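Visitor: I'd like to ask you about the structure that follows.
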């Protein structure tokens, strides 16, 4: 047995070892520096019952204490194994778990008040015995000793007495599994093994069993602690019910909000004529928008051609052709304005459709926007009606009053201004 960090009894006090069988190599860990979690994994692979919760839950609500198994029954039960841990529990990993187990059990341990040796112990060394399936309902049982004298007395009586009657901490295990109790990353391991049933003809196994029975008999049922546990459980159940009610109310509220959203969607899509009406209105509006786009593009093409021809022909372009071009351009602008007015006149009918603004078309040279209204002042080269009727002559001296040219421009102006029935009756292209 190793003595890393803890003093143990000399070999002569333990008695003769001639008939003692050595521990198996995988169990006799001795002074081992391997992390406790790795050791527990090895033991759990060889003993899968460590990873299962006890079937019993120590229902002591009526003050009836569980009954330990008899020795022969436990000895023959393959799931009732005994583990011994010796070492330093510097991070309180094992003791915190066992303290939690004891708080959930309505028991009192009078031995703790008499354990002066453990109270004065400054180190965190301990020796723990973990017994699986100790009770008839398969609940586990654990107890440990602290203090150098207590540990020496407990280990020294293995082969010299039937059981050890010294004080210790003990508790049934109903919250954790055996793996949870024996697993830890901050443990200093001196000894950690599974007790062999055939070791010294089962003397050590029986010694630990009889000691566990004496420890259990020293624990007393505490009625006041039971009432406190019941009150805490009732409070916890009440808090849980409150949480469940809040979650249910929140769930109902979300469902109501979802139903309201779906109802609003149905109202928006289902009018007097249903979705078919909305689809037809959207289609009609799209057709009008495409028509406006087409006429606006025609205006922009005319402006671009006009600018290009002015550059190519210079200022000496024929006045008659220039005036005729401006007149046709004015007619196209009027057509775009008329289509825009037709679209605006239907906005009162299309209540459920978002209005779409007419796209703004811009040329690279950013010409004036003549789509919405005719220009306030005449453009260069625009010939007004009075001057055309009078046969106005340019002041630069070039050209003479030409009544025929003025009459031709006048006829074009009147025809494009709405007097020509052919142009007014022409259907618009979609």
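In UniProt numbering, the protein residues as written are 1 to 430.
Just so you know, even glycine gets a beta-carbon here, dropped at the ideal spot from N, CA and C.
Source: prediction; values computed, not measured.
Return the CA-CA distance between residue 179 and residue 134, expressed in angstroms with no decimal places.
Guide: Start at 1 with the first residue of the chain shown, and residue 179 comes out as number 179. Start at 1 with the first residue of the chain shown, and residue 134 comes out as number 134. Taking the straight line from one Cα to the other gives about 16 Å.
Visitor: Which residue wins for smallest C-alpha separation from residue 226, given the options 69, 75, 103?
Guide: What you label residue 226 is simply residue 226 of the chain shown in a count that begins at 1. Comparing Cα positions, the closest option is 103.
Visitor: Determine the closest residue to residue 146 out of 222, 155, 192, with distance taken between C-alpha atoms.
Guide: As a first step, residue 146 is located in the chain shown; it is residue number 146 there, counting from the start. Measuring from the Cα of residue 146, the nearest candidate turns out to be 155.
Visitor: Taking residue 78 as the reference, give the member of 243, 303, 195 with the closest Cα.
Guide: For the purposes of this step, residue 78 is taken as residue 78 along the chain shown, with counting starting at 1. When each option's Cα is compared against that of residue 78, the closest is 195.
Visitor: With respect to the alpha helix (DSSP H) encompassing residue 142, which residues constitute its N-terminal and C-terminal limits?
Guide: As a working mapping, residue 142 is identified with position 142 in the chain shown. That residue, residue 142, is in no alpha helix (DSSP H); its beta strand (DSSP E) goes 140-145.
Visitor: Quick check on DSSP: helix, strand or coil for residue 71?
Guide: On the chain shown, residue 71 is found 71 positions in, with the first residue counted as 1. Helix, per DSSP.
Visitor: Closest to residue 131 by C-alpha separation, out of 125, 139, 304, would be which residue?
Guide: As a first step, residue 131 must be located in the chain shown, where it is residue number 131. Out of 125, 139, 304, 139 has the C-alpha closest to the C-alpha of residue 131.
Visitor: Locate the alpha helix (DSSP H) running through residue 150, then write down its first and last residues.
Guide: Taking the chain shown and counting its residues from 1, the one referred to as residue 150 is at position 150. Per DSSP, residue 150 belongs to the alpha helix (DSSP H) from 148-156.
Visitor: State the CB to CB distance for the pair residue 166 and residue 93, rounded to an integer number of angstroms; the pair is presumed to be in contact (CB under 8 Å).
Guide: One-based indexing of the chain shown puts residue 166 at position 166. One-based indexing of the chain shown puts residue 93 at position 93. Actually they do not touch by this definition, with Cβ atoms about 24 Å apart.
Visitor: Report the rounded CA-to-CA distance for residue 105 versus residue 66, giving the unit in angstroms.
Guide: To locate residue 105, count along the chain shown from 1; it is residue 105. To locate residue 66, count along the chain shown from 1; it is residue 66. Going from the Cα of residue 105 to the Cα of residue 66 covers about 12 Å.
Visitor: If you check the beta carbons only, do residue 107 and residue 220 fall under 8 Å apart?
Guide: Position 107 of the chain shown, counted from the first residue, corresponds to residue 107. Position 220 of the chain shown, counted from the first residue, corresponds to residue 220. The answer is yes: Cβ separation under 8 Å.
Visitor: For residue 108, name the three-state secondary structure that DSSP assigns.
Guide: The residue you call residue 108 lines up with position 108 of the chain shown. Three-state result, residue 108: strand.
Visitor: What does a CB cutoff of less than 6 Å around residue 162 pick up in its chain, not counting 5 residues either side in sequence?
Guide: As a first step, residue 162 must be located in the chain shown, where it is residue number 162. Around residue 162: 210.
Visitor: Kindly indicate which residue of 100, 143, 88 has the alpha-carbon position closest to the one of residue 175.
Guide: In the chain shown, the residue the question calls residue 175 occupies position 175. With distances taken between Cα atoms, residue 175 lies closest to 100.
Visitor: Per DSSP, residue 89 forms a beta bridge with which residues?
Guide: Within the chain shown, the letter at position 89 stands for residue 89. Its beta-bridge partners are 187.
Visitor: Take residue 214 as the anchor and find which of 164, 333, 152 has the nearest alpha-carbon.
Guide: Sequence index remark: in the chain shown, residue 214 carries index 214 (1-based). Considering only alpha carbons, the answer is 164.
Visitor: Rank 206, 241, 119 by C-alpha distance to the C-alpha of residue 76 and give the top, closest one.
Guide: Stepping through the chain shown from its first residue, residue 76 is reached at position 76. Here the closest residue by C-alpha is 206.
Visitor: Would you mind reading off the limits of the beta strand (DSSP E) that contains residue 129?
Guide: Position 129 of the chain shown, counting from 1, holds the residue named residue 129. It spans 125-131 - the beta strand (DSSP E) in which residue 129 sits, taken as one unbroken run.
Visitor: For residue 202 and residue 69, what's the separation of their Cα atoms in angstroms?
Guide: By one-based count along the chain shown, residue 202 stands at place 202. By one-based count along the chain shown, residue 69 stands at place 69. The alpha-carbon atoms of residue 202 and residue 69 are separated by roughly 17 Å.
Visitor: Threshold first: 4 residues or longer. Then list the alpha helix (DSSP H) segments lying entirely within the region 189-233, N to C.
Guide: As far as the region 189-233 is concerned, its whole alpha helix (DSSP H) runs of at least 4 residues are 203-218.
Visitor: For residue 72 and residue 152, what's the separation of their Cα atoms in angstroms?
Guide: In the chain shown, counting from the first residue as 1, residue 72 sits at position 72. In the chain shown, counting from the first residue as 1, residue 152 sits at position 152. Distance between the alpha carbons of residue 72 and residue 152: 28 Å.
Visitor: What does a CB cutoff of less than 6 Å around residue 169 pick up in its chain, not counting 5 residues either side in sequence?
Guide: Position 169 of the chain shown, counted from the first residue, corresponds to residue 169. Here the set comprises 144.
Visitor: Less than 7 Å between C-beta atoms, sequence neighbours within five positions excluded: which residues of the same chain meet that for residue 512?
Guide: Since the first residue shown for the chain is 1 and the last is 430, residue 512 is missing from the structure and cannot be characterised.
Visitor: Pull up the distance between the alpha-carbon of residue 302 and that of residue 332, whole angstroms please.
Guide: As a first step, residue 302 is located in the chain shown; it is residue number 302 there, counting from the start. As a first step, residue 332 is located in the chain shown; it is residue number 332 there, counting from the start. Taking the straight line joining both Cα atoms gives about 9 Å.
Visitor: Nearest by alpha-carbon distance to residue 123: which of 90, 187, 342 is it?
Guide: As a first step, residue 123 is located in the chain shown; it is residue number 123 there, counting from the start. Out of 90, 187, 342, 90 has the C-alpha closest to the C-alpha of residue 123.
Visitor: Let me make sure I understand the geometry here. Which of 310, 307, 296, 312 has the alpha-carbon closest to that of residue 334?
Guide: Within the chain shown, numbered from 1, the residue matching residue 334 stands at position 334. Nearest C-alpha to residue 334: 296.
Visitor: On the three-state DSSP scale, how would you describe residue 253?
Guide: Within the chain shown, the letter at position 253 stands for residue 253. Three-state DSSP puts residue 253 in a helix.
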